[in-house]
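This report refers to the structure that appears directly beneath it.
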Amino acid sequence: MAAAVLASLLMMVVDHRENHLETVRSALSIIVAPLHQIASLPTSSGEWLSDSFRSRQHLLDDNKQLHEQNLKLKGQQQKFKALEVENMRLRDLLDSSFKIGDQILIAELIAIDLDPYKQQVIINRGGNSGVFEGQAVLDADAVLGQVVHVDPFSATVLMITDPSHALPVEVNRNGLRTIAMGTGRTNELELPHLPNNADIQVGDLLITSGLGGHFPPGYPVAEITQVINNPGQPFARILAKPSANLKRTHEVLLVRALTSPTQEPSASSVEQTAQ
Amino acid sequence: MTITPHRGGFIIIATFILALILTILPLPEWARPFRPAWHSLVLIYWCMATPQRVGVGVGWLLGLIVDVITNTLLGQHALELAVTAFIVAKLHRRMRVFPLWQQAIGVFLLLMLEEIFSIIVMGAIHRPTPALSYWATPFIGMLLWLWISIILRDLRQRFKVN
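Here the protein sequences line up with chains S and D, keeping their order.
Under our numbering, the first residue of the first sequence is numbered 1, with each subsequent residue one higher.
Under our numbering, the first residue of the second sequence is numbered 1001, with each subsequent residue one higher.
Encoded structure:
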């Protein structure tokens, strides 16, 4: 009994402080991986069924719709290419050129529930597919979180709304940089370090600033929903709603920046407004 | 004194695996804080019914597995379940003769103790204090005990687990 208690206490301390137990956790999680598979079976078999029994007409409609969407996106992509080249030329003038371009890997969520008091999900790609710790994870709309733990065939993603998560962001409108902290609620981020006179409004889009090096710059994160100025407080209370669908995501994108983040000059705010 | 050979170990393992699956089975968002501690209930039953087989060690291992599959701090559930197994192993003779509803109250207290352990650990690693719904799980566990203990007792008698 005493040995079990001591061992647990020791493990908790080591796990929290040192991260030496990652290998132990990995080894154990390989043993219990079948449990994850079985628990996600009802969801995945439901999907399989609905895929298998879909009518031909439905599939044709889907196909047509996707074709149209693809055409539209390609059209937008052409403009984007031109803008990218122009942007690089302008940055060259400022001596701060860097390459734009990220590698993207698609992963699926494994449908299981983890600790309800942590905002985490498990995805079906791991170290064998080149996933690494600290990698940025997106869904179709915006930033979702980052990889915190990698196993050979799966990885754990910490959502941006987890209370222990902080994300360097900037306001798309004027390049104001700050940090977005999770609150523990899936529809809310908090920006705790902005003074009362900061230039920020309801409806402003927050994008990743690329500072800190984990997240590639320029991906949308959240939209400001509430700005409360209390003159008695040193900082404004600013809340934002994540643009990613944190509750009902099925597929996620893992992003790897092709270049290391570079220091942006202060003039970058001008370019941000030009977007 | 004769030593009777152990029988029906696979039933114990199967029920533990089922409990672990129920622990991570996806639930709708609103229901997630109310998920009962299936693994604790099953552990309490087997500790009470077969203390010669399921004890502190099994509880600790089970807790470690729960920590890995739900991705909590390694050792958190291990500590809780080891303590639960210890208490039940000490009191199993008394608990067995209680009527079912009194047993349920005992189970409630054990589950409450686990929740208190959990909240102390969460506080120590600076997690935010969970909402009030956090304290609902021992009540749900207590109500479930009435069914779980009957189901497991039937299983134990049918497969003559000892």
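Don't be surprised by glycine CBs; every beta carbon is placed ideally from N, CA and C.
key: At least 3 beta-carbon pairs within less than 8 Å: the segment 1043-1053 of chain D vs the segment 1091-1100 of chain D   = yes
query = Taking 8 Å as the CB-CB cut-off, is M1001 of chain D touching chain S?
reply = In this predicted model, M1001 of chain D has a pLDDT of only 46, less than 50, meaning its place in the structure is not dependable; the value taken from the coordinates is given anyway. Cβ-Cβ to chain S under 8 Å: no for M1001 of chain D.
ask   = In its own chain, which residues sit with a C-beta less than 8 Å from the C-beta of K1160 of chain D, not counting the 5 before and 5 after it?
value = R1007, G1008
Which residues DSSP lists as bridging H149 of chain S, in chain order = S:T156
message = Our contact map puts A244 of chain S next to D102 of chain S with C-beta atoms below 8 Å; I'd like the distance itself, whole angstroms only.
response = Their Cβ separation, rounded to whole angstroms, is 16 Å, which puts A244 of chain S and D102 of chain S out of contact at 8 Å.
request  = Just grab the DSSP bridge partners of M181 of chain S for me.
outcome  = S:A166, S:E190
message = List, in chain order, every chain D residue whose beta-carbon is nearer than 8 Å to that of I38 of chain S.
response = I1021
ask   = Using a beta-carbon distance below 8 Å, is Y117 of chain S in contact with chain D?
value = yes
query = Just the Cα atoms here: how many angstroms apart are L158 of chain S and L1143 of chain D?
reply = 34 Å
query = Short check: CB of I1119 of chain D to CB of H16 of chain S, under 8 Å?
reply = no
ask   = When DSSP builds the beta bridges, which residues end up paired with P220 of chain S?
value = S:I207
inquiry  = Here's a check: name, in chain order, each residue in its chain whose Cβ is nearer than 8 Å to the Cβ of I1151 of chain D, leaving out the five neighbours to either side.
reply    = none
message = Please state the DSSP three-state secondary structure of I30 of chain S.
response = helix
ask   = What residues from chain S crowd round M1122 of chain D, counting only those whose CB sits closer than 8 Å?
value = Y117
message = Quick check: the Cα distance between R1153 of chain D and W1147 of chain D, rounded to an integer number of angstroms?
response = 10 Å
message = Which of the three DSSP states is assigned to E22 of chain S in this structure?
response = helix
inquiry  = Could you tell me the alpha carbon to alpha carbon distance between V1068 of chain D and R91 of chain S, rounded to whole angstroms?
reply    = 47 Å
ask   = Which first and last residues belong to the alpha helix (DSSP H) in which I1024 of chain D is found?
value = 1009-1024
message = Let me check one thing: in DSSP terms, what residues is I106 of chain S bridge-paired to?
response = S:L253
task = To the nearest angstrom, report how far apart I1011 of chain D and L1020 of chain D are at their CA atoms.
result = 14 Å
request  = Could I get the ranges of all uninterrupted alpha helix (DSSP H) runs contained in the segment 23-92 of chain S, with 4 residues as the minimum, in chain order?
outcome  = 41-52
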